[in-house]
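**Q** Numbered as in the numbering used here, the sequence shown ends at 348 without a single skipped number.
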Amino acid sequence: MTRKPLIAILGVVIVLFLAAYFASPLLAVRGLISAAKAGDEAKLEQLVDFPAFRTSLKEELNAKLVEQMRSDLGDRAGGLSGLGMILAPTLISGAVDAFVTPQAVAAMVRTGEAPNAKSVARQRAGQPSEPSGKVHQGYSYRGLNTFAVRLTRDDKPEDYIDLLMERRGVFGWKLAAIDLPRKR
165 MTRKPLIAIL GVVIVLFLAA YFASPLLAVR GLISAAKAGD EAKLEQLVDF PAFRTSLKEE
225 LNAKLVEQMR SDLGDRAGGL SGLGMILAPT LISGAVDAFV TPQAVAAMVR TGEAPNAKSV
285 ARQRAGQPSE PSGKVHQGYS YRGLNTFAVR LTRDDKPEDY IDLLMERRGV FGWKLAAIDL
345 PRKR
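This is the structure we're talking about:
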């Protein structure tokens with residue numbers, strides 16, 4: 165074999181590898197969305213790293229709750245608010261552990277809504293919920309190994325959620341984290 169065809173073949177292989185490498189998160193996201201819409205729990209179990217997702221949701225809800233408590237109390241912050249801030253992570257932790265199931269993740273993906281920091285304990289994972297507005301997806305890389313899917317709704321564009329997919333292996337991706345919007 166001569167040198168030119170070998171270089172051409174190698175170039176095509178490299179281009180195909182890079183295309184697959186950078187397109188693989190889109191395929192994983194499409195799989196996640198279709199599994200959520202179909203309610204396919206087995207597929208969701210494969211596409212979500214539940215321990216990592218629970219940890220991320222706990223951190224986000226705790227931060228949001230502290231932010232909300234500070235803005236609600238303002239200058240009136242005293243001993244009881246401090247106690248609330250100490251107890252909140254424990255309450256949220258148990259509620260998130262019970263809440264984050266394949267059905268709950270499917271509902272988040274379908275509706276574009278994250279659980280509320282104050283009401284996560286009252287929500288039931290098995291209740292199907294439908295979006296009140298159309299859900300749109302936006303995609304972006306947050307590094308070579310993290311891919312974000314921003315879910316926004318027509319009726320509440322400021323209440324988005326970012327689902328963060330993390331690379332597992334060369335072409336594999338799993339939902340491993342969530343980012344909730346912060347007050348500005």
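Glycine included, each C-beta is placed from N, C-alpha and C at the ideal position. The model shown is predicted, which means the values in this text are computed figures rather than measured ones.
Whole angstroms is fine: what's the gap from W337's alpha carbon to M329's?
**A** The alpha-carbon atoms of W337 and M329 are separated by roughly 6 angstroms.
**Q** Given 8 angstroms as the limit, is there contact between the region 171–191 and the region 212–232, that is, 3 or more CB pairs closer than that?
**A** Short answer: they don't touch.
**Q** If I256 and L225 are in contact, beta carbons under 8 angstroms, what's the gap, nearest whole angstrom?
**A** About 5 angstroms separates the two Cβ atoms, so the contact holds.
**Q** Measure the C-alpha to C-alpha separation of V308 and F214 and round it to an integer number of angstroms.
**A** In the sequence as presented, Val is not what sits at residue 308; that position holds Leu. Approximately 22 angstroms between the Cα atoms of the pair.
**Q** Can you have a look at K228 and say buried or exposed, based on whether 16 or more other CB atoms are within 10 angstroms of its CB?
**A** Counting Cβ neighbours within 10 Å, K228 comes out buried, since at least 16 surround it.
**Q** Would DSSP call T219 helix, strand or coil?
**A** It is helical.
**Q** Applying the criterion that 16 or more other CB atoms from any shown protein chain within 10 Å of the CB defines a buried residue, is R317 buried or exposed?
**A** R317 comes out buried.
**Q** Just to confirm before moving on: does the CB-CB distance between A268 and P279 stay below 9 angstroms?
**A** For A268 and P279, yes; Cβs fall inside 9 angstroms.
**Q** Can you tell me whether R346 is helix, strand or coil according to DSSP?
**A** Residue state, collapsed to three classes: coil.
**Q** Suppose the cutoff is 7 angstroms on Cβ atoms and the five residues either side in sequence are ignored; what does the same chain contact list for G276 look like?
**A** The answer, listed in chain order, is P295, V299, L315, T316, R317 and I325.
**Q** Which partner residues does A341 have in the DSSP bridge list?
**A** A341 is bridged to L328.
**Q** Measure the C-alpha to C-alpha separation of S235 and L182 and round it to an integer number of angstroms.
**A** Rounded to whole angstroms, S235 to L182 spans 47 angstroms at the Cα level.
**Q** Pick helix, strand or coil for F186, following the three-state DSSP scheme.
**A** Correct three-state label for F186: helix.
**Q** Within the continuous alpha helix (DSSP H) that includes R395, where are the two ends?
**A** Since the first residue shown for the chain is 165 and the last is 348, residue 395 is missing from the structure and cannot be characterised.
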